[in-house]
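Asks: Residue numbers (my numbering): 12 to 349.
My questions all concern the structure below.
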Ligand SMILES: C[S@@+](CC[C@H](N)C(=O)[O-])C[C@H]1O[C@@H](n2cnc3c(N)ncnc32)[C@H](O)[C@@H]1O
């Protein structure tokens, strides 16, 4: 028997699964781009009606809509398609929680992975420092799309963070780079005795207030406009940096950790949360993949190992480090100022 005729020793199934995971993502994001979920919101429709509204050719339409049912973003009762709650919240572009634009931008970016790997350059043109954000998000609508994407990510860890740390003796917290306050809101909901604040760039303030109104928390969380590389961090007993350190290179991370140390009182705590890489750098895949994403969106950002994070904290003078897993590959490291 020639080698070509031998049954393969290695199953192709894992590769096939990776391939169909890509098909799944592309199908859902194409549906968001076409407006499937926006048109179905409040107006369920049959396959023919939906294809007509979206100007789709009938050949693929039914398979497309039924695939969306199989993937859990549509449901079908008889012949009538509806949004599932997941799609209604995150994929209906009429909602402030819409993440279709955010995820589609990521899709376009990942087509540039080969260029990012060859050049080491981010695949956008937004400069570095605070400019990286202010150039990219020039309008309130752009900040809204971006912070909706952030909330889609931090919404999965906020309630866990509120439980994973003992907030009973903390009276005040500021979420540094806290975007429109979604994570601060999760802490406040779990621990109403805590005075909560957010520090972020001034351009975020309109979407912060908009989001607080939507959450029914108007006036409950203070917004501190500022640039964390230039302005002192607000004084609070606890400072949070969630998905902030991974945006920057090592020297900037050390600068931010040192600035937090200066701002905290003795006994104060810094909470750092990012999708951290295992110390042996063999996983988790989710953290390593987001590290590649940081390659494409920032000049110097990446995910980092827990050991790296511990070293920056200890260098700044923090002690009493603790670690907890928050899910979706996010690790929480806490550290106290002596
Ligand atoms: C990747 S987002 C993370 C948002 C949020 N902490 C979360 O976990 O979803 C980084 C945040 O840092 C803010 N930021 C970036 N540069 C900043 C600066 N120089 N000063 C203050 N905030 C900044 C951005 O506006 C953005 O809200």
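The C-beta atom is built at its ideal place from N, Cα and C for all residues, glycine as well.
1. Over the uninterrupted alpha helix (DSSP H) stretch that includes residue 167, give me the two end residues.
2. Report the residue from 225, 229, 81, 273 whose alpha carbon sits nearest the alpha carbon of residue 239.
3. At the level of alpha carbons, what is the spacing between residue 297 and residue 32?
4. Using DSSP's beta-bridge definition, name the partner residues of residue 308.
5. For residue 237 and residue 212, what's the separation of their Cα atoms in angstroms?
6. Measure from the alpha carbon of residue 342 to the alpha carbon of each residue in 231, 54, 189, 316, then state which is nearest.
7. Can you tell which of 285, 328, 261, 105 has its C-alpha closest to the C-alpha of residue 311?
8. For residue 182, which residues in the same chain have their Cβ closer than 8 Å to its Cβ, ignoring the five residues on either side in sequence?
9. Which one of 126, 55, 84, 46 has the shortest CA to CA distance from residue 67?
10. Buried or exposed: which applies to residue 29, given that a residue is buried once 16 or more other Cβ atoms fall within 10 Å of its Cβ?
11. Between which residues of its own chain and residue 197 is the CB-CB distance below 6 Å, once the five residues before and five after are set aside?
12. Under DSSP, the alpha helix (DSSP H) around residue 50 begins and ends at which residues?
13. Please state whether DSSP places residue 59 in a helix, a strand or coil.
14. Return yes when the Cβ of residue 61 is within less than 8 Å of the Cβ of residue 92, no when it is not.
15. Roughly how far, in whole angstroms, is the beta-carbon of residue 82 from the beta-carbon of residue 110, given that I think they are within contact range, below 8 Å?
16. Please state the DSSP three-state secondary structure of residue 341.
17. Bridge partners for residue 125 per DSSP, in chain order?
18. Cutting at 8 Å between CB atoms, please list the residues of its own chain near residue 12, excluding the five before and the five after it.
Replies: Inspection of the coordinates gives the following:
1. From DSSP, residue 167 is part of no alpha helix (DSSP H); its letter is neither H nor E.
2. Here the closest residue by C-alpha is 273.
3. Inter-residue distance for residue 297 and residue 32 is about 14 Å (C-alpha atoms, whole angstroms).
4. Residue pairing of residue 308 in beta bridges, as defined by DSSP: absent, with no partner found.
5. Using only the alpha carbons, I get a separation of about 5 Å.
6. The residue with the shortest Cα to Cα distance from residue 342 is 316.
7. Closest option to residue 311, Cα to Cα, is 261.
8. Cβ contact annotation for residue 182 (same chain, cutoff 8 Å, sequence separation greater than five): 204, 205, 206, 248, in chain order.
9. It is 46 whose Cα lies nearest to the Cα of residue 67.
10. Its Cβ having fewer than 16 others within 10 Å, residue 29 is exposed.
11. Apart from sequence neighbours up to five positions away, the residues of its chain that approach residue 197 with a beta-carbon distance below 6 Å are 169, 170, 173, ordered along the chain.
12. 47 to 51 is the extent of the alpha helix (DSSP H) around residue 50.
13. Here residue 59 sits in helix by DSSP.
14. Going by C-beta atoms, residue 92 is nearer than 8 Å to residue 61.
15. Not a contact, Cβ separation roughly 16 Å.
16. For residue 341, the three-state secondary structure derived from DSSP is strand.
17. Paired residues: none, contrary to the question.
18. Since pLDDT at residue 12 reaches only 48, below the 50 mark, its modelled position is unreliable, and the value read off the structure follows with that caveat. If we look at residue 12 and ignore the five residues flanking it on each side, it has no Cβ neighbours.
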